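Data block below; observations after.
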Amino acid sequence: MVGSNRIVKAHKIVTPVGDPHLEPEVEKIFRHSLIEKALDALKEDAKGE
Amino acid sequence: MQKKSLRIVHYLNQFFGGVGGEDKAHIEPQVIEGAVGPGMAVQNVLGEQGTVVATVICGDNTFAEKIEETAGEVLELIRPFQPDAVIAGPAFAAGRYGIACGAVCKAVQEQFSIPTATGMNEENPGMDLFREYTYIVKTPKTGIGMVDAVSKMVSIVTRLADGQRVGKPSEEGYFSRGLMTNDLSAQTGAERAVAMLLDKLKGKPFESEISLPQYDRVEPAPKIQDMGSATVALITDGGLVPTGNPDKIESVGATKFGAYSIEGVDGLHPDDYEVYHIGYDPIFVHEDPNRLVPVDVLRDLEKEGAIGKLHNKFYTTAGAVCIVENIRRIGQAIADELKAEGVSCAILTST
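The listed protein sequences derive, respectively, from chains Z and H. Those letters in the first sequence? Residues 32 to 80, per the numbering used here, in order. Those letters in the second sequence? Residues 30 to 380, per the numbering used here, in order.
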């Protein structure tokens with residue numbers, strides 16, 4: 032399994048940075064949390080896992 | 030029984046064709062009877078086996094600017110000579126020439142079903158693009174390898190024209206075409222595998238029967254020091270395109286990407302976009318495209334100052350059953366554009 036901090040696990044194939052089961056406002060917060068992880072990865076050196 | 034004397038047509042660029050240098054790189058395809066320049070070496074190697082009946086010469090820029098069209102024109106110049114085989118170049122390390130040689134060989138192979146061969150250095154971009162469609166003999170970067178390359182090219186096409194098989198890439202000195210052929214062996218697969226393993230354990234050289242895929246090692250970009258002043262771009266391989274797919278990006282085996290403006294857009298609207306990608310059910314992304322390309326969140330972060338700027342375009346292609354060479358080219362093109370436009374980093378959302 033390929034791993035790196037610069038590869039952030041998305042939610043699902045059909046909805047990478049979303050979740051249709053959540054209410055829209057909550058879904059946006061969820062999307063925000065995934066993007067924050069991505070930005071954090073960009074602020075760190077790349078690391079293999 | 031005397032073998033038929035083979036008719037060979039030779040393709041050359043403006044330089045090897047003796048027309049001129051870069052100043053003549055725009056000349057249209059033209060044909061001259063007989064051998065020209067390196068064609069003499071081809072004729073020497075051919076000897077009694079055949080004759081270089083014609084030489085087609087074309088400018089490297091002419092070809093590079095419209096590959097398909099020029100290949101078609103070259104075919105029409107070759108056609109009246111009814112050759113048994115076509116040889117192109119060798120092009121050595123010259124990129125535009127290599128692409129022209131590869132394109133000519135591919136077109137001849139497909140349209141006339143006659144054997145073709147050319148010669149290139151391994152770094153020539155024409156090599157990876159056309160290796161499957163013709164026989165590309167390995168050459169050094171410069172013309173010192175001319176005679177050796179010509180000998181190999183002629184040897185390959187003359188045998189093929191005679192209905193003989195050509196040996197393995199490593200034996201004959203051409204770039205692997207990615208083909209597997211069936212062969213008989215006195216040893217079973219189990220015996221050959223164990224012999225190979227024993228050689229490997231002893232540190233002896235061994236040759237794998239199947240070549241393993243080569244993966245690039247890519248140096249990761251250094252971390253962003255100040256995200257608050259960084260420009261962030263969004264990229265996706267989920268095939269999100271403006272409604273109607275104006276640039277006709279393929280939903281499978283994509284050969285191109287799109288770059289679409291999100292200037293002044295706070296979030297992607299479902300009416301404006303759709304998914305062209307055979308590999309997943311687009312239902313949730315169609316309801317809300319931000320679930321794939323998170324413009325809404327990035328715009329908020331831009332307004333808050335968490336990032337300096339959201340780049341004014343997002344980049345998209347469909348990452349479904351792509352040919353590695355094509356997707357690598359797409360990635361490089363997107364990267365080049367991001368760098369040219371001062372983008373600091375990118376988030377690629379993948380399905």
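From the three backbone atoms N, C-alpha and C, an ideal C-beta is built for every residue, glycine too. Bear in mind that the values here come from a model prediction, so they are computed numbers and not experimental data.
Check your understanding: Can you find a CB in chain Z that lies within less than 8 Å of the CB of Pro323(H)?
Key -> yes
Point to revise | Inter-residue Cα distance where the pair is Asn341(H) and Arg188(H) | key: 57 Å
**Study point:** Contact list for Leu327(H) against chain Z, beta-carbon separation under 9 Å
**Key:** Ile66
Exercise for review: Take Val326(H) and list the residues in its own chain whose beta-carbon comes closer than 8 Å to its own, dropping the five residues that flank it on each side.
Suggested key: Asn319
Exercise for review: Compile a chain-ordered list of the residues in the region 40-53 of chain Z whose CB is closer than 9 Å to at least one CB of chain H.
Suggested key: Ala41, His42, Lys43, Ile44, Val45, Thr46, Pro47, Val48, Gly49, Asp50 and Pro51
Review point. Are Pro311(H) and Tyr289(H) close, meaning C-beta to C-beta below 8 Å?
Key: no
Exercise for review: Can you grab the Cα-Cα spacing for the pair Leu75(H) / Ile61(H), in whole Å?
Suggested key: 19 Å
Exercise for review: Within the region 311-360 of chain H, note down every full beta strand (DSSP E) run reaching 3 residues or more, in order along the chain.
Suggested key: 338-345
Point to revise | Under 8 Å by beta carbon: chain H residues contacting Glu75(Z) | key: Lys252
Review point. The alpha helix (DSSP H) spanning Val281(H) covers which residue range?
Key: Careful: Val281(H) lies outside any alpha helix (DSSP H) and carries neither H nor E.
Practice item. Would you mind working out which of Val183(H), Gly192(H) and Gly268(H) sits nearest Ala350(H), comparing C-alpha positions? Key: Here residue 350(H) is Val; the residue named in the question, Ala, does not match the sequence. Cα-wise, what sits closest to Val350(H) is Gly268(H).
Review point. Just reading off the beta strand (DSSP E) that Gln216(H) is part of, what are its end residues?
Key: Unbroken run through Gln216(H): none, as it is neither H nor E.
Check your understanding: Along chain Z, which residues have their Cβ under 8 Å away from the Cβ of Ser379(H)?
Key -> Ala41 and Pro47
Check your understanding: Looking only at C-alpha atoms, which of Tyr244(H), Ile56(H) and Tyr302(H) sits nearest to Glu102(H)?
Key -> Ile56(H)
**Study point:** Thr44(Z) versus Glu56(Z) - alpha carbon distance
**Key:** Note on residue identity: the sequence assigns Ile, not Thr, to residue 44(Z). Each residue's alpha carbon lies about 21 Å from the other.
Check your understanding: Among Glu248(H), Ala224(H) and Ala120(H), which one has its Cα closest to the Cα of Asp237(H)?
Key -> Residue 237(H) is actually Ser in this sequence, not Asp. Closest option to Ser237(H), Cα to Cα, is Ala224(H).
Exercise for review: Could you tell me if Met209(H) is buried or exposed, where buried requires 16 or more neighbouring beta carbons within 10 angstroms of its beta carbon?
Suggested key: exposed
Check your understanding: Below 8 Å between beta carbons: does that hold for Val115(H) and Thr84(H)?
Key -> no
Check your understanding: So who's on the other strand from Ile61(H), going by DSSP bridges?
Key -> Thr84(H)
Check your understanding: Within the present structure, is the beta-carbon of Gly49(H) separated from the nearest heavy atom of the ligand GTP by less than 7 Å?
Key -> The model on display carries no ligand, and the ligand GTP is accordingly not part of it.
Check your understanding: Over what stretch of residues does the beta strand (DSSP E) that includes Val372(H) continue unbroken?
Key -> Run containing Val372(H): none; DSSP gives neither H nor E here.
Point to revise | Val166(H) and Tyr203(H) closer than 8 Å at C-beta | key: yes
Check your understanding: Name the DSSP beta bridge partners of Glu303(H), please?
Key -> Val270(H)
**Study point:** Distance between Ile38(Z) and Met32(Z) (C-alpha atoms, nearest Å)
**Key:** Bear in mind that a pLDDT of 47 at Met32(Z), under 50, signals an unreliable position, so the number given afterwards is only what the model happens to contain. Roughly 12 Å separates the two Cα atoms.
**Study point:** Euclidean distance between Cα positions of Glu26(Z) and Ile278(H)
**Key:** Residue 26(Z) is absent from the structure shown; chain Z starts at 32 and stops at 80.
**Study point:** Thr345(H) versus Phe286(H): straight-line alpha-carbon distance, rounded
**Key:** 6 Å
Check your understanding: Can you give the Cα-Cα distance for Cys87(H) and Pro58(H), rounded to whole angstroms?
Key -> 4 Å
Exercise for review: Would you mind sorting Ala123(H) into buried or exposed? The rule is 16 or more other CB atoms within 10 Å of its CB.
Suggested key: buried
Review point. Nearest-angstrom Cα distance between Asn90(H) and Ala136(H)?
Key: 18 Å
Check your understanding: From the DSSP output, which residues share a beta bridge with Ala288(H)?
Key -> Tyr344(H)
Check your understanding: Applying a beta-carbon distance threshold of less than 8 Å, which residues of chain Z neighbour Glu316(H)?
Key -> Pro51
Check your understanding: Where do the ends of the beta strand (DSSP E) carrying Arg36(H) lie?
Key -> Leu35 to Asn42
**Study point:** Which listed residue (Ile37(H), Lys33(H) and Gln43(H)) has its alpha carbon closest to that of Asn73(H)
**Key:** Ile37(H)
Review point. Between Val98(H) and Arg357(H), what straight-line distance do the alpha-carbon atoms span, to the nearest angstrom?
Key: The residue you asked about is not Val; residue 98(H) is Glu in the sequence shown. Distance between the alpha carbons of Glu98(H) and Arg357(H) is about 25 Å.
Point to revise | Neighbour list for Tyr289(H) in chain Z, Cβ cutoff strictly below 7 Å | key: Within chain Z, no residue comes near Tyr289(H); the closest Cβ sits about 18 Å away, beyond 7 Å.
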